[in-house]
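Novice: Please find one structure pasted underneath; my questions will follow.
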Amino acid sequence: MRIDQKIWTEEKGWLPELSGRADETVHLLLFFGSTHILRRRILCEEIKKAYPNAHFFGCSTAGEIAGTQVTDNTFVMTAISFESARIQGAKVELSQTVDSYRAGQLLAQSLETNGLRHVIVLSDGLCVNGSDLVRGLTENLASEVSITGGLAGDGERFEETLVCWDGHPQNKTVAAVGLYGDKLRIGYASQGDWDSFGPERVITKAKGNILYELDGKSALDLYKLYLGEQAAGLPATGLLFPLSIRTKDSQTSLVRTILSVNEEEQSMTFAGDVPGGSYARLMKANFDRLIDGAIGAATKSYEAIGSFSPELAILISCVGRKMILKQRTEEEIEGVRDILGEKTVMTGFYSYGELSPFNQGGICALHNQTMTITVLSEK
Amino acid sequence: MENIHSLLKRQLKKLLSDSYSLPKELQEIFKAINNAYIQSDIDRNMLERSLDLSSQELLTTNTELQKILSLLNATIESTRDGILVVDLTGKIISFNTKFVDMWHIPSYIINSRDDSAALNCVLDQLSEPEIFIKKVQELYAQPDAESYDLLQFKDGRIFERYSRPQRIEEKCVGRVWSFHDITIQKRAEEQIAQMAYFDVLTNLPNRYLFKDRLNQAILYAEKYKKLLAIIYLDLDEFKRVNDTFGHNFGDKILQAVSDRLEKSIRKIDTLSRIEGEGLETTVARLGGDEFTILLRELKENKDASRVAQRIVDLFSQPFHIENRLIFITTSIGMALYPNDGQDVDTLLKNADTAMYHAKEKGRNHFQFFSEHMNIEVLERFSMENSLRNAADKKDFQLYYQPQFDSSTGRIIGVEALIRWMHPEKGMLLPDTFIPISEDSGLIMPIGSWVLRTACEQNKAWQIEGFPPIYVTVNISGIQFRQKNFLESVAQTLLDTGLEPQYLELELTESILMEPTETTFNTLNELKATGVRIAIDDFGKGYSSLGYLKRLPIDTLKIDRSFVHDIISNPDDRAIVRAIISLARSLNLKVIAEGVETHEQLSYLQEQGTDGIQGFLLSEPITPNSFTQLLKKEWQLHPHKFT
């Protein structure tokens, strides 16, 4: 696997600079950037010329990851040439007729099943029900095919997210790339480590991923009460208090974060299902625990491939973590680096939701507020 | 730079001079530090706010929980059920006061929450503690099971017990036991059931239950071809008693009557059950002064009349009520199944009709529904009555029929035969009155009179100087089964001075048909005294030849029916030959009875019969005539006396 990573900023352009000669050996161009930069057509044309044979796979973010750097308003591009692995990708647009489940189903069905090992999914971050998307994928893929990925971000704006599989980045799009090849080693893990606090509340009114009431009272009011002055920053500030959701018959709980707020309906839309009758508790962050969570995810994925430094690591971490960690955000990336080692090329982004099993071999689910790591190696 | 964090501003002021201005290269880091200060404040404020809010929320929740707890406690305390909650290991978690009261659990046990002491205290009170402890163990093994049963206490109380798991969400964490005292309810149910089937005044079955039992009895009788009798009683002039002494007094009479009826019937049942199948007799009160009795142990229809007579007799004694002696009689009607009806209503109606006839005929006696039964019973009763008189007045006489040696023609013995010298009907043979005497129990005095008289007579002949012969006396099965039979025989021999070898007891084959150990013992003991034993009417019954070998018998008497047809019927000849050869091989004597013709005599002689008895040689004769016969024989065979 040959990997080349470049970052573009408005001030400095490409670093390192793009070579004048076209590189025809690159198979996959993985890129993450802020929404407004992805909108620049010229930039895309430029890259297309530099890597004429590469498939383009990327999305808008709430922060780009390149090595141990976390940046905003940049374009991070990772050019990958596989030694033996193959890829196949696809995208679908969400519409009235294609809902999140259907999108997952269509993507799964468009991938060649023979030899398929792993699917990386990048999805629109605002118009999707991540839980439904995951169901559409898992129900239509063989159980041994693992899935990881994330929901595209839009800084702390929550206005528009873009996803790209070849062509130009588009909104309301979900893209997936399938990885094929016996020699490919794939590891993944997801860990959040937020702390629940306060009373357990019953979800008394909800529909899909839209939450109306907790314990018979407006959920939005509860959030506003807890946020105080910061309520003005909704929906972004809602990420400061994710919800821990435990269904009646389940011992484990999932974390859900807010995607949008509807003042008229007094509702909040979450990245995944908030099933009625389940129990919800507010969660809060603790810096050290968040960083330990990222290290935990790194350790699990590292061990999953046999405890050696992988060639590539894709880090998808939740925007909620970045909003809490702020200046300390890079500490979680450095924690990951300490585990994976200096040789590993790291890329990724801050997302509106993460897709991954908690542990290797588990069932893929939508997570929020986690660090989700996918490691790849052909060695 | 604007918006510098107050702490940072103060630090700058304190540690650097007012006039100090940041070099350009440090301005970015200063900005980052300032932002971190500000952010830290924001984070801390938010955290404090959220902690404050959630503790307020938890406080509210706590208050609500306290309200719910108090509501629950009040509810649990106000229920009339005893409630106990234990955890999965049986440790006492909670209980209400009612529980402690119901189970009389001492406070030192319940306060110490000592579950094993509490369990012991519970077990001590139960009638079947082992069943309860088994149930408890079963439930510990199945924490999810629900169960219900009844607990019976030694002191008579009855509790309903429910037990169901205590769950938190889906998880089972303990068990709730609740106990409900249903003693009063159970008693009431029993009372209601009793009232539905039993008469409240007398506690006897009521009309409903009687009809039900009668119906069952009819089904049974139909299947097994049994007889039934329904006795319908009505107290005579009971209305007058009621009018004179009042209803309370009347009620007491009814209670006393039912008491007498029941006791008497119970006696009948106990007697009949020795041989019967234990089918219960039912006494019921239909209402007013009407009682009914269902008899199920009838061998023949006239058995019912004996019970009826016994009931009439029950009323011969006065009733002692409230210091008064009250004489009251009853009229009884009887209907028989299957002759007088084959269903409940017909039988009851006909018994009722018969009862009215009894009343018409002058009260204090009983009537069958069918006339021929009445006649039969009437005859039987007059016979029984005169038989009783005869026993008193010694209207009996013994006749004697000699038995001859078949080869020598000499008298070897004599059979004593009873005759009743009836004042109106003349001389009656035993067939006509012995069965009645057996039924009425008169057989006992008659039987011992016969034995004594026969022994005395035989001894008299010996004293007169005639050569000694044995006298044969017929013994009824009822006599034989009497406990003191052996003693009475021995006493009679002692009293009369007759030596035992000169007495032969003649038993019917029926006694030996299914001999019990007692039969063997009695016979052996009799034999040991030296008395001879003969079997009468041999060949008629179905004696087991196997028994015959074991019985200490001296003589077999061939039944007269075989002898009668011995010439014309080859089958009878074969039987007689078989009996003779059987007797020979068992070393028994054979006597042929009822010999009437010379042909019969010579055939029997040919076959080797030992003794001959019959009209051909001599009919039964009076003692005087027999003395003459002996004298004649003495003259014929004088050498016997030398």
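Going down the list, the sequences are from chains P and S. Under my numbering, think of the first position of the first sequence as 1114, with each following residue one higher. Under my numbering, think of the first position of the second sequence as 75, with each following residue one higher. Glycine residues also receive a C-beta, built at the ideal position from the N, C-alpha and C atoms.
By a C-beta neighbour count over all protein chains shown, 10 Å radius and 16 as the cutoff for buried, is His-1231/P buried or exposed?
Specialist: Within 10 angstroms of the beta-carbon of His-1231/P lie 16 or more other beta-carbons, which makes it buried.
Novice: Going by the DSSP bridge assignment, what does Trp-1127/P pair with across the sheet?
Specialist: Trp-1121/P
Novice: Anything in chain S within Cβ reach of Lys-1439/P, meaning under 7 angstroms, just list it in chain order.
Specialist: Gln-113
Novice: Give a yes or no on whether 9 angstroms exceeds the smallest Cβ distance from Leu-121/S to chain P.
Specialist: Yes, Leu-121/S counts as interfacial toward chain P.
Novice: With distance defined between alpha-carbon atoms, name the residue in Thr-629/S, Ile-552/S, Leu-369/S nearest to Arg-287/S.
Specialist: Leu-369/S
Novice: Grouping DSSP H, G and I as helix and E and B as strand, with all else coil, what is Asn-1512/P?
Specialist: Residue coverage of chain P in this structure runs from 1114 to 1492, which leaves residue 1512/P outside it and unanswerable.
Novice: Quick one: which unbroken alpha helix (DSSP H) runs of 4-plus residues sit fully inside the segment 345 to 397 of chain S? Chain order, please.
Specialist: 377 to 388
Novice: Specify the secondary structure class of Thr-1360/P as computed by DSSP and reduced to three states.
Specialist: coil
Novice: To the nearest angstrom, how far is the alpha carbon of Ile-1150/P from that of Ala-1302/P?
Specialist: Distance between Ile-1150/P and Ala-1302/P, taken at the CA atoms: about 30 angstroms.
Novice: What distance in whole Å lies between the Cβ atoms of Ser-514/S and Glu-453/S, which are believed to be in contact at a cut-off of 8 angstroms?
Specialist: Contact flag wrong, Cβ pair sits at about 14 angstroms.
Novice: Under 9 angstroms, Cβ to Cβ, is there at least one residue of chain S near Glu-1124/P?
Specialist: no
Novice: Quick one: does Asp-218/S have its CB under 9 angstroms from some CB of chain P?
Specialist: No, its Cβ sits nowhere closer than 9 angstroms to a Cβ of chain P.
Novice: Going straight from the alpha carbon of Thr-1370/P to that of Lys-1285/P, what length do you get?
Specialist: Taking the Cα positions, Thr-1370/P is about 19 angstroms away from Lys-1285/P.
Novice: Could one say the Cβ of Asn-108/S lies closer than 9 angstroms to chain P's Cβ atoms, at least one of them?
Specialist: no
Novice: Please give me, in chain order, every unbroken run of the beta strand (DSSP E) with length at least 3 that falls completely inside the segment 1166 to 1247 of chain P.
Specialist: 1168 to 1173, 1177 to 1179, 1182 to 1184, 1187 to 1194, 1199 to 1206, 1229 to 1236
Novice: Please work out which residues of its chain come closer than 7 angstroms, Cβ to Cβ, to Gly-613/S, disregarding the five sequence neighbours upstream and downstream, and give them in chain order.
Specialist: Ile-632, Asp-633, Phe-636, Ile-649, Ile-653
Novice: Could you name the residues of chain P that Leu-82/S contacts, counting a contact when the two beta carbons are closer than 7 angstroms?
Specialist: In chain order: nothing, as chain P lies at least about 15 angstroms away.
Novice: Please say whether Gly-1311/P and Ser-128/S have beta carbons closer to each other than 9 angstroms?
Specialist: yes
Novice: Let's test the definition: count the other Cβ atoms within 10 Å of the Cβ of Pro-1165/P and tell me whether it reaches 16, buried, or not, exposed.
Specialist: By the beta-carbon neighbour count (other beta carbons within 10 angstroms, threshold 16), Pro-1165/P is exposed.
Novice: Thinking Ile-304/S and Ile-339/S are a contact (beta carbons under 8 angstroms), I'd like their distance in whole angstroms, please.
Specialist: At roughly 14 angstroms, the Cβ-Cβ gap does not stay under 8 angstroms, so Ile-304/S and Ile-339/S are not in contact.
Novice: Tell me where the alpha helix (DSSP H) around Ile-1155/P begins and ends.
Specialist: 1154 to 1163
Novice: From Glu-396/S, Leu-372/S, Val-357/S, Arg-334/S, pick the residue whose C-alpha is nearest to that of Phe-323/S; which is it?
Specialist: Glu-396/S
Novice: Over what stretch of residues does the alpha helix (DSSP H) that includes His-1149/P continue unbroken?
Specialist: 1148 to 1151
Novice: I'd like to know if Glu-131/S contacts chain P, where contact means its C-beta is closer than 9 angstroms to some C-beta of that chain.
Specialist: It does: the Cβ of Glu-131/S has a partner Cβ on chain P nearer than 9 angstroms.
Novice: Leaving out five residues before and five after Glu-1447/P in sequence, what residues of the same chain have Cβ atoms less than 7 angstroms from its Cβ?
Specialist: Thr-1181
Novice: Which stretch, first to last residue, makes up the alpha helix (DSSP H) that contains Ile-510/S?
Specialist: 504 to 514
Novice: What ranges does the beta strand (DSSP E) occupy inside the segment 1395 to 1476 of chain P, keeping only unbroken runs of at least 3 residues that lie completely in it?
Specialist: Runs found: 1425 to 1431, 1458 to 1464, 1466 to 1469.
Novice: For Tyr-182/S, which three-state DSSP category applies?
Specialist: helix
Novice: With 16 other CB atoms within 10 Å as the buried threshold, where does Thr-1487/P fall?
Specialist: buried
Novice: List the residues of chain P that Leu-293/S touches, going by C-beta distances under 8 angstroms, in chain order.
Specialist: In chain order: nothing, as chain P lies at least about 59 angstroms away.
Novice: On the DSSP bridge assignment, give the partners of Pro-694/S in chain order.
Specialist: Beta-bridge pairing links Pro-694/S to no other residue.
Novice: If you draw a straight line from the C-alpha of Gly-361/S to the C-alpha of Ile-327/S, how long is it?
Specialist: About 14 angstroms.
Novice: Can you confirm whether Gln-1473/P, when its beta carbon is compared against all beta carbons of chain S, has any partner nearer than 9 angstroms?
Specialist: Not one chain S Cβ lies under 9 angstroms of Gln-1473/P.
Novice: Give the DSSP bridge partners of Asn-1375/P, in chain order.
Specialist: Ser-1380/P
Novice: Could you name the residues of the same chain whose beta carbon sits closer than 7 angstroms to that of Asn-280/S, not counting the 5 residues immediately before and after it, in chain order?
Specialist: Tyr-271, Phe-272, Asp-273, Ala-358, Arg-359
Novice: Report yes if the C-beta distance between Phe-1170/P and Glu-1177/P is below 9 angstroms; otherwise report no.
Specialist: no
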